[in-house]
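In the numbering used here, the protein residues as written are -7 to 227.
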């Protein structure tokens, strides 16, 4: 399995898991520490499988593989990421918070909230679709031509938005997105709606950059400048 990385306070940590076959079974080895620094190793002996005599019986090696994958997935959920191949970026999209009138500083920007699947999109060797849990979705091929137009202008941009289809509802969209590898018959109805992008620009500069992106399937969400609380409540 691929090595995973996590940056904390400017320090890059790394973690990986190995399966070492022994005479008596297998050994699950996890290694972690600071990149190019001291590494700490933990070994766990797995000398037998589980569910012996049942249909889902596993050998010691099969059990070691299952546990290694479980540990790897746990690290992904904790924010670790791969840095080569189908690498992920170590960013998470900002989520909507409860509306609090006291914290608003006018003028402000307002956007409608959609009922879709949050997704970061960026380009390495290929265009990557990444969930907010750092999982990689299968590519949505009907979106690629329009996304390529964006990345031809801004190759390093990281788009923050949602995979969304108006009228289908969250559960149906989720089903379509999760089944991307086994093509859903309505998958081409999925749009990518852009909320923001991740870079060092100020918010108004980012909005000016994104506002021209209005393609058929990939487009910037309607964003309004509001000067009063009443305007927000009426929107």
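No residue lacks a Cβ here, since even glycine has one placed at the ideal position from N, Cα and C. The structure presented is a predicted model; accordingly, all values stated were derived computationally and were not measured.
Go ahead and label residue 228 buried or exposed: buried means 16 or more other beta carbons lie within 10 angstroms of its beta carbon, across all protein chains shown. As displayed, the chain neither begins before -7 nor continues past 227, which places residue 228 out of reach and without an answer.
If we ignore side chains and look at the alpha-carbon of each, how far apart do residue 139 and residue 210 end up? 7 angstroms
Please classify residue 122 as buried or exposed, where buried requires at least 16 neighbouring CB atoms within 10 angstroms. buried
Look at the alpha carbon of residue 12 and the alpha carbon of residue 135, and state the distance between them as a whole number of angstroms. 42 angstroms
Could you compute how far the alpha carbon of residue 72 sits from the alpha carbon of residue 1? 14 angstroms
Would DSSP call residue 35 helix, strand or coil? strand
C-alpha gap between residue 7 and residue -4, whole angstroms: Their Cα atoms are separated by approximately 5 angstroms.
Smallest Cα separation from residue 199: which of 208, 184, 207 and 216? 216
Taking the C-alpha atoms as reference points, what is the distance between residue 247 and residue 106? This structure gives no information on residue 247, because the portion of the chain shown stretches from -7 to 227.
When 22, 101, 30 and 28 are compared against residue 64, the one with the closest alpha-carbon: For the options 22, 101, 30 and 28, the alpha carbon positioned closest to that of residue 64 is the one of 22.
From 141, 55 and 218, pick the residue whose C-alpha is nearest to that of residue 98; which is it? 218
Let's see if you can read the secondary structure: which residues bound the beta strand (DSSP E) around residue 14? 3 to 14
What would DSSP say about residue 224, mapped onto helix, strand or coil? helix
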